[in-house]
Each structure stands twice: as structure tokens, then as C-alpha cells.
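Per our numbering, numbering of the sequence shown is gapless, rising by one per residue and ending at 1416. Beta carbons are placed, not taken as given, at the ideal position from N, Cα and C, and that holds for glycine. A short write-up of the structure that comes next.
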Amino acid sequence: MTKAKVYKGVACLEMVSKDGGKWWYQGGSLAYTPVLIREIRAIRTGVLKGKAREVMVTPLLISGKEHLVVMNLPRTDTVELKARGLWPEDFHVPHETTDYTPWPEYTNNNPRAISLA
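So this is what it looks like as C-alpha cells:
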């Protein structure tokens, strides 16, 4: 079970944000930015250069160029990733079940209101 905020159907990406934090601000210019899992088409795994941390990444178009963006797995709906067949079989699952966090009020409980823009 995870103790971090997890929204149903949402993956949390670790992205630099010129506008500051989105949902989960982490100081400096790093923000945890939500993306709907239904919009994810591929996932890759690997180890960050210079670190022993195994990560899961998804390709994302940013300013017309594809970048691999790291997922923050404790804040990602891993249950949904598995249900959609995106979870690699040999990758450690940080939590098997999830207590979902209610959607923020500004979304009016509508996940389509989320935007990365």
C-alpha cells in the first residue's frame, strides 16, 4: 500500500517546470507532473547514469522533441499500468494496492481537465 498521493488513472512524471510545481511541488524547479495513463503508449526501464537507481520512463514530446521522462512510481497508479499491459513483468512493483486520493477540486472530479500545458 502506498502512502503517497495517487490519483486513479494518473502517472506522475518527474519534470522540471518553469512555472513551478503542478500537483506535487518538490522545491527548486522540480515538479511531479500528472499525465493520464490512457495517453501513455510505451514504457521503458533502465538505470540512471551515475546512480544505482532503476527507473521506469515514458517517451514524451516536449517542444517537438521526444524525451524520456522518469515516472515517480510511489505516486503513479501502478494498478492501472498493469491493467493496461504497460508494466514490465520483471520490474519491481512499489505497491500492489492503492488507496486513491480524491481528485483536486479544480478538476471538478474530471480527469480530462488535467493539462500539461
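| Check | Outcome |
| --- | --- |
| Quickly, what does DSSP pair Arg1337 with across the bridge? List them, please. | Answer by DSSP bridge pairing: none, since Arg1337 is not bridged. |
| Identify the continuous beta strand (DSSP E) that holds Glu1365 and give its terminal residues. | Lys1364 to Val1369 |
| Could you spell out the range, first to last residue, of the alpha helix (DSSP H) harbouring Glu1353? | Looking at the DSSP string, Glu1353 is not in any alpha helix (DSSP H); the run it does join, the beta strand (DSSP E), is Glu1353 to Ile1361. |
| I need the DSSP call for Glu1395, collapsed to helix, strand or coil. | coil |
| Return the residue from the list Thr1377, Arg1383, Val1354 and Lys1364 that minimises the CA-CA distance to Asp1398. | Thr1377 |
| Go through its chain and collect everything with a Cβ distance to Ala1303's Cβ below 7 angstroms, but skip five positions before and after it. | Pro1373 and Arg1374 |
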